[in-house]
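Colleague:
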RNA sequence: GACCCGGUAGCUCAGCUGAAUAGAGCAAUUGCCUUCUAAGCAAUAGGUCAUUGGUUUGAAUCCAAUCCGGGUCACCA
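In this note's numbering, the protein residues as written are 278 to 869.
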């Protein structure tokens, strides 16, 4: 039980004993005491001062005294200022907390709760390489899944690959027309980048053709439909759907190249999936929904044969679920996929990590499933995140303004390498160890950068300014971990007997108090589906430890008890940092 | 036009289920390496929390209106 909950319980009991009032524990406000006042935690009393018809001073004194009488092992002092009751928690309470947990590698994780949750994230297109926006998606999805796992859920990470459709045909036709048989091997290009080049090539050519047609007197609208490369693409899509062998063969070949490229990147960034779904397998799945929906009167058919759902009563619009030519649209596929996923895994919850431009779409998806009274409908949750933008605005793959993921990582590795060499602290590392360290630091910086802000908010990345390694960053936290490990290596004999220390200095206590908040922090992060809560927390732990480190020596502590105590504090800090960073998918080095 | 999200220090962001004098990091200025790793610590400076009104003992936080920015409302994905 966390100290805050414990405090609330005792206060609720004190209020009952003293004044015979029932106060819901959740309604009590407990804050950490501001540094300018005496105390550790503070009860904000305003909400019930009036009701009890007491002066704040009397009320504070009464509650404070009661707490100290009934639980002297927790509460040692109190003071009341205005409506605030500041409580001091016994040093011995913190010491016993530390002794109980300093060596516990599992501190903060919860036992299995029997719930199963699917996390769909990443969801790439097979016509272009991964960019910075995809990285935010990947890191978020992975991290949220990891947080859920640590707090007791069985998690299944999945991915839906958008491997078919008109956009895929665009890169296919461009390759057919312009590649002259070139391959990733022949051009020494990573497969996904190779295919991505033809997607760009398509758009260049298309634009050119449209301009020519317009110059020849066509309107823009007609020209966009009449351009020969676009017509060819549409024919190719029809051929694909008809299963024309040479189109299928080309499709398989080019997708194969992309997957080879993706594999490399995914492996490097640590994304993994228990189950891959491919749109080419699932795109027809939703059609049974359409039939069923028509039968049940959830959907209706217009004269032209298209099928719709009327959501105006729910404050939304009419939404198309089947085209007049009988082909399915995006939402139809998603209905089918949701069903498929449920049949595969019988999940309790299903998270979709998808950008916020699809908020409306996801709302509609859930609503339709609810109208079908699907048992899994309520468990669907759209983890909506904001786009990563450049100072100039949104990234556009067609305009070539995307920040490529592979290039980004490479750049970060170089910065890590230069910085490490400059500082010269790990000169004895082998080439292999060095490369591993560069990767840990580079990805640590990148992941932390993308995860430290609230997922819901869009964020701006300026490519002109490389990602920092100082301050509120991954490397700062990693560095703190390495510092602690350095102490622990030198003091290899971390004696396991209890520390005999009986009192705490301010920074010692502050650190233990902060470490105690780790489980509650995870809980909050999970509830909010928000890894930035962990990033901020872990940064605060590192920052506080560095202050402590500058102020007090561990190895040359004033006494043997103090040394012992500080070794335990340092050890636990390292554990919590490693664990918290682990929730973000970030490794921490032993040395750096 | 309708709906959704946002606007906090020069920049990037916390704080938003109301609570004490609004916090970090970067950038700026100034100190601190005869060593538990300076990728660090300490200090200074930096704010009309978009604007106006309201609710409240108390508002950056809740409500309303306005302004600004973004997104969505496709027989695109």
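Ideal placement from N, C-alpha and C gives every residue a C-beta, glycine not left out.
1) Which same chain residues, not among the five before or five after residue 703, have their C-beta less than 6 Å away from its C-beta?
2) Going by DSSP, what residue range makes up the alpha helix (DSSP H) through residue 789?
3) Could you check the C-alpha separation between residue 519 and residue 555 for me, to the nearest Å?
4) Specify, as a first and last residue, the run of the alpha helix (DSSP H) that residue 395 falls within.
5) In whole angstroms, what is the alpha-carbon distance linking residue 332 and residue 357?
6) Exposed or buried, what is residue 637 when buried is set at 16 or more other beta-carbons lying within 10 Å of its beta-carbon?
7) Since residue 519 is in the beta strand (DSSP E), which residue starts that stretch and which ends it?
8) Need the endpoints of the alpha helix (DSSP H) that residue 336 sits in, please.
9) DSSP on residue 562, reduced to helix/strand/coil?
10) What does DSSP give as the partner residues of residue 659 in its beta bridges?
11) What are the boundary residues of the beta strand (DSSP E) that includes residue 309?
12) Have a look at residue 686 and residue 663 and give me their C-alpha separation to the nearest angstrom.
13) Residue 577 to residue 602, Cα distance in whole Å?
14) Going by the DSSP bridge assignment, what does residue 681 pair with across the sheet?
15) Which runs of the alpha helix (DSSP H) at least 4 residues long sit entirely within the region 786-849? Give them in chain order.
16) Taking DSSP as the reference, what is the three-state secondary structure of residue 536?
17) Is the separation between the beta-carbon of residue 831 and that of residue 843 shorter than 8 Å?
18) Just to confirm, does residue 681 get its C-beta within under 7 Å of one of the non-hydrogen atoms of the ligand ADP?
19) Might you give, ordered along the chain, the residues of its own chain that have their beta carbon closer than 6 Å to the beta carbon of residue 434, omitting 5 neighbours on each side?
20) Measure the C-alpha to C-alpha separation of residue 541 and residue 407 and round it to an integer number of angstroms.
21) State the CB to CB distance for the pair residue 495 and residue 488, rounded to an integer number of angstroms; the pair is presumed to be in contact (CB under 8 Å).
22) From residue 754 to residue 301, what distance separates their C-alpha atoms?
23) For residue 513, which residues in the same chain have their Cβ closer than 8 Å to its Cβ, ignoring the five residues on either side in sequence?
24) May I ask you to report which of helix, strand or coil DSSP gives residue 367?
25) Is the distance from the Cβ of residue 394 to the Cβ of residue 625 below 8 Å?
26) Tell me which same chain residues have a C-beta within less than 7 Å of the C-beta of residue 819, skipping the five on either side of it?
27) What is the residue span of the beta strand (DSSP E) that residue 598 lies within?
28) Select from 404, 409 and 522 the residue whose C-alpha is nearest the C-alpha of residue 467.
29) Can you find at least 3 beta carbon pairs, one from the region 688-699 and one from the region 736-747, that sit closer than 8 Å?
30) Run through DSSP, which three-state label would residue 588 get?
31) Quick one: is residue 734 buried, meaning 16 or more other Cβ sit within 10 Å of its Cβ, or exposed?
32) Which residues in the same chain have their Cβ closer than 6 Å to the Cβ of residue 717, if we skip the five residues on either side of it in sequence?
33) From what residue to what residue does the alpha helix (DSSP H) around residue 287 run?
34) Mark residue 427 as exposed unless 16 or more other C-beta atoms lie within 10 angstroms of its C-beta, in which case mark it buried.
35) Considering only residues of the region 453-486, which uninterrupted beta strand (DSSP E) runs meet the minimum length of 3 residues and lie entirely inside it, listed in chain order?
36) If we count Cβ pairs, one from each stretch, closer than 8 Å, do we get three or more for the region 821-829 versus the region 722-734?
Modeller: A quick look at the data gives this:
1) Cβ within range, chain order: 868.
2) Counting along the chain, the alpha helix (DSSP H) containing residue 789 begins and ends at 783-793.
3) Approximately 18 Å, taken between the alpha carbons.
4) DSSP places residue 395 outside any alpha helix (DSSP H); the residue lies instead in the beta strand (DSSP E), whose first and last residues are 393-397.
5) Taking the straight line from one Cα to the other gives about 11 Å.
6) Around the C-beta of residue 637, fewer than 16 other C-beta atoms lie within 10 Å, and the residue is accordingly described as exposed.
7) DSSP places residue 519 in no beta strand (DSSP E) but in the uninterrupted alpha helix (DSSP H) bounded by 505-519.
8) That run of the alpha helix (DSSP H) goes 333-347.
9) Three-state DSSP puts residue 562 in coil, outside helix and strand.
10) According to DSSP, residue 659 bridges with 629.
11) Segment 306-309, the beta strand (DSSP E) holding residue 309.
12) Here the alpha carbon of residue 686 sits roughly 21 Å from the alpha carbon of residue 663.
13) Going by the C-alpha atoms only, they are around 15 Å apart.
14) Paired residues: 408.
15) DSSP runs (the alpha helix (DSSP H)) wholly in the region 786-849: 795-805 and 809-828.
16) In this structure, residue 536 counts as helix in the three-state DSSP scheme.
17) In this structure, residue 843 lies closer than 8 Å to residue 831 by Cβ.
18) The ligand ADP is absent from the structure shown, which contains no ligand whatsoever.
19) So the list reads 396, 422, 550 and 551, once near-sequence residues are dropped.
20) As the crow flies, the alpha-carbon of residue 541 is around 11 Å from that of residue 407.
21) Actually they are not in contact, since the Cβ atoms of residue 495 and residue 488 sit about 10 Å apart, beyond 8 Å.
22) CA-to-CA, the gap between residue 754 and residue 301 works out to about 38 Å.
23) The answer, listed in chain order, is 446, 449, 450 and 524.
24) In this structure, residue 367 counts as coil in the three-state DSSP scheme.
25) Going by C-beta atoms, residue 394 is nearer than 8 Å to residue 625.
26) The beta carbon of residue 819 is closer than 7 Å to those of 753, 754, 757 and 854 in its chain, skipping five residues each way along the sequence.
27) Run containing residue 598: 595-599, per the beta strand (DSSP E) assignment.
28) Taking only the C-alpha atoms, the option nearest residue 467 is 404.
29) Contact check between the region 688-699 and the region 736-747: three or more CB pairs, one atom from each, fall below 8 Å, which counts as touching.
30) In the structure shown, the three-state DSSP call for residue 588 is coil.
31) Exposed is the call here.
32) Excluding residues up to 5 positions away in sequence, 864 and 866 lie with their Cβ nearer than 6 Å to the Cβ of residue 717 in the same chain.
33) First-last of the alpha helix (DSSP H) with residue 287: 280-296.
34) It is buried - the Cβ of residue 427 has at least 16 other Cβ atoms within 10 Å.
35) At a cut-off of 3 residues, not a single continuous stretch assigned as beta strand (DSSP E) sits fully inside the region 453-486.
36) Contact between the region 821-829 and the region 722-734 is absent, because fewer than three Cβ pairs lie under 8 Å.
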